[in-house]
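Novice: For the sequence shown, counting from 1, position 132 maps to 169 in the numbering used here; every step adds exactly one.
Can you keep this structure in mind? I'll have questions shortly.
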Amino acid sequence: YAGGISQTGDGGYLLNGQTDDLDPFFPPEGFLTKTNTDGDIIWSKLFQSFEYTTDPMATPYGDEDGQEIIETSDGGIVAVGNIIGFTDDAYVEKKENWDDVFITKLDLNGKHLWTKMIGDYGTDVVNQVIELSDEGILVSLMVDELCHCAEPVDSNKHFVLVKYNSKGVRQWVRKTSFIKSALYTDPFIIRETHDGFIMIGQAETPDDSGYMHATISTLTKTDKKLNVLWSK
Numbered sequence: 038y039a040g041g042i043s044q045t046g047d048g049g050y051l052l053n054g055q056t057d058d059l060d061p062f063f064p065p066e067g068f069l070t071k072t073n074t075d076g077d078i079i080w081s082k083l084f085q086s087f088e089y090t091t092d093p094m095a096t097p098y099g100d101e102d103g104q105e106i107i108e109t110s111d112g113g114i115v116a117v118g119n120i121i122g123f124t125d126d127a128y129v130e131k132k133e134n135w136d137d138v139f140i141t142k143l144d145l146n147g148k149h150l151w152t153k154m155i156g157d158y159g160t161d162v163v164n165q166v167i168e169l170s171d172e173g174i175l176v177s178l179m180v181d182e183l184c185h186c187a188e189p190v191d192s193n194k195h196f197v198l199v200k201y202n203s204k205g206v207r208q209w210v211r212k213t214s215f216i217k218s219a220l221y222t223d224p225f226i227i228r229e230t231h232d233g234f235i236m237i238g239q240a241e242t243p244d245d246s247g248y249m250h251a252t253i254s255t256l257t258k259t260d261k262k263l264n265v266l267w268s269k
């Protein structure tokens, strides 16, 4: 399955997604590929995670699904996607074992530099990744409320923003009032401006009783620290 595609400074392309090796005992794996200007493959890598549990019926391999991939200004590559992996017995006890989000960085030759995992004890889904003017990396993802449910929850997901520096050090996390509802595919788009960020999507709005349950298309301007300047 194809996930993301973008062009590199040398005119080639970066792709990521998910591939099935046709082994019925192992889940699909993520892939990352670099091509030249004609689409010929220069290199291709599998993105593989591993699980460790004492359950003899459990697969030792995780399930990865690449969604977005970009070239960064320092000549590196950043890819994001969804993942079920990196689990152990203690983690399984706390977690429903549904999706988390990964962010990984490689150099332009495909050498792995670092990988981070983001998520809570619910279903988390990546939305987008962008490079910022300070060479930081901003990831937006949809995060379930902490529910400790036995099955995946078809409920509102909040869009959460996570910023890393170019070395993979997390700098901050911000939960927004923008959501993806259970019934609609609500878009959320964030872009950097010269003095902060601009965002648009479906945001929670309070009703007369004070409960946050309705949504309306909203445009929000923030400063560089994600403090809201205005929202319309």
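Even for Gly, the Cβ is constructed at its ideal location relative to N, Cα and C.
Once the 5 residues before and after Ile226 are set aside, which same chain residues still bring their CB inside 6 angstroms of it?
Specialist: Ile237
Novice: Which same chain residues, not among the five before or five after Phe215, have their C-beta less than 6 angstroms away from its C-beta?
Specialist: The residues are Phe196, Phe225, Gly238, Ala240.
Novice: By the three-class DSSP mapping on this structure, what secondary structure does Phe139 have?
Specialist: strand
Novice: Provide the residue span of the beta strand (DSSP E) that contains Tyr50, from first to last.
Specialist: 50-56
Novice: With DSSP collapsed to three states, give me the class of His195.
Specialist: strand
Novice: DSSP beta-bridge partners for His149?
Specialist: Leu143
Novice: Tell me whether Asn264, by its Cβ, gets closer than 7 angstroms to a heavy atom of the ligand PLP.
Specialist: Absent from the structure shown: the ligand PLP. Ligands present: none.
Novice: How long is the line joining the alpha carbons of Asp144 and Ile174, rounded to whole angstroms?
Specialist: 15 angstroms
Novice: Which one of Ser254, Ser81, Lys204 has the shortest CA to CA distance from Gly112?
Specialist: Lys204
Novice: For the beta strand (DSSP E) holding Asn73, just list the boundary residues, first then last.
Specialist: It is not in any beta strand (DSSP E) - Asn73 carries neither H nor E in the DSSP assignment.
Novice: DSSP state of Val206, grouped into three classes?
Specialist: In the structure shown, the three-state DSSP call for Val206 is coil.
Novice: According to DSSP, Thr230 sits in a beta bridge with which residue or residues?
Specialist: Gly233
Novice: Ile120 to Lys194, Cα distance in whole Å?
Specialist: 17 angstroms
Novice: Run the CB neighbour count on Leu83, radius 10 Å, all protein chains shown included, and call it buried at 16 or more, exposed below.
Specialist: exposed
Novice: Drop a sphere of 10 angstroms on the beta-carbon of Val176, count the other beta-carbons inside from all chains shown, and report buried for 16 or more, exposed for fewer.
Specialist: buried
Novice: Which residue's Cα is closest to the Cα of Arg228: Leu266, Thr152, Glu168?
Specialist: When each option's Cα is compared against that of Arg228, the closest is Glu168.
Novice: Quick check: Leu69 and Ile107, are their CB atoms within less than 8 angstroms of each other?
Specialist: In this structure, Leu69 lies away from Ile107, with their beta-carbon atoms at least 8 angstroms apart.
Novice: Could you check the C-alpha separation between Gln104 and Ile155 for me, to the nearest Å?
Specialist: 15 angstroms
Novice: Measuring alpha carbon to alpha carbon, tell me which of Trp151, Thr213, Lys261 ends up nearest Asp171.
Specialist: Lys261
Novice: Starting from Gly118 and walking both ways along the beta strand (DSSP E), at which residues does that stretch end?
Specialist: Residues 113-121.
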